[in-house]
Amino acid sequence: MPNRSNTRIAKDARLKAEADFATWLMMAKLGSFDDLPKDAQTFLTHYQDRLKTGSEKDAVAVTVGEIYAAYYALRGGKGAPPTFEPQPPSPDDNVVRLQDARRARAAQSAAPAARRPGKRRVPALLIFIGLVALVVAVKFLLGGLGG
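Listed below in structure tokens is the structure:
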């Protein structure tokens, strides 16, 4: 059974490998292949070679596995890196529900106000009442001067 240190190293290495591969692939698609580090260029070249002989899913899995193994060794993992079963994406992963988006926005807008206790926000109704009072006052003053 692998120890906790190796398990943590493996998880970190796997997450970084998946994120880096996605970033490198996007940069290459945008025309920045030459700006990538040499090891990234090597991994992407191997990925392109695998695409010629197999499916995209298999090519991605093998390439991310290679990157993961390299990162695992660099981070000090002992022995062969533990294998992870890829999580199949659920069909709702890319769907943002309106209710969830509203909650997220509400949480984001409430957080800055809580961090700044010295500043108070003026409610919209108070601003509206002030504008109405200003218009009434201007009409009263102008009406009183003209009549």
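The sequence shown begins at 1474 in our numbering and counts up by one. Every residue gets a Cβ at the ideal spot worked out from N, C-alpha and C, and that includes glycine.
Which first and last residues belong to the alpha helix (DSSP H) in which Thr-1518 is found? 1511-1526
So Ala-1486 and Pro-1596 are supposed to be a Cβ contact under 8 Å. How far apart are they, rounded?
The Cβ separation is near 50 Å, so there is no contact.
Handout entry: Gly-1552 classed as buried or exposed, judged by whether at least 16 other C-beta atoms fall within 10 angstroms
Key = exposed
**Asked** Using the rule of at least 16 other Cβ atoms within 10 Å of the residue's Cβ for burial, across every protein chain shown, is Thr-1480 buried or exposed?
**Response** exposed
What distance in whole Å lies between the Cβ atoms of Ala-1490 and Tyr-1541, which are believed to be in contact at a cut-off of 8 Å? 4 Å
- Going by CA-CA distance only, name the one from Gln-1514, Gln-1521 and Pro-1510 that's closest to Val-1533. Gln-1521
Through-space distance from Leu-1599 to Asp-1508, alpha-carbon basis: 54 Å
**Report entry** Buried versus exposed call for Val-1537 [16 or more other C-beta atoms within 10 Å across all chains shown]
**Finding:** buried
- Buried or exposed by the 16-neighbour rule on C-beta atoms within 10 Å, applied to Gly-1550: buried
Applying the criterion that 16 or more other CB atoms from any shown protein chain within 10 Å of the CB defines a buried residue, is Ile-1602 buried or exposed?
exposed
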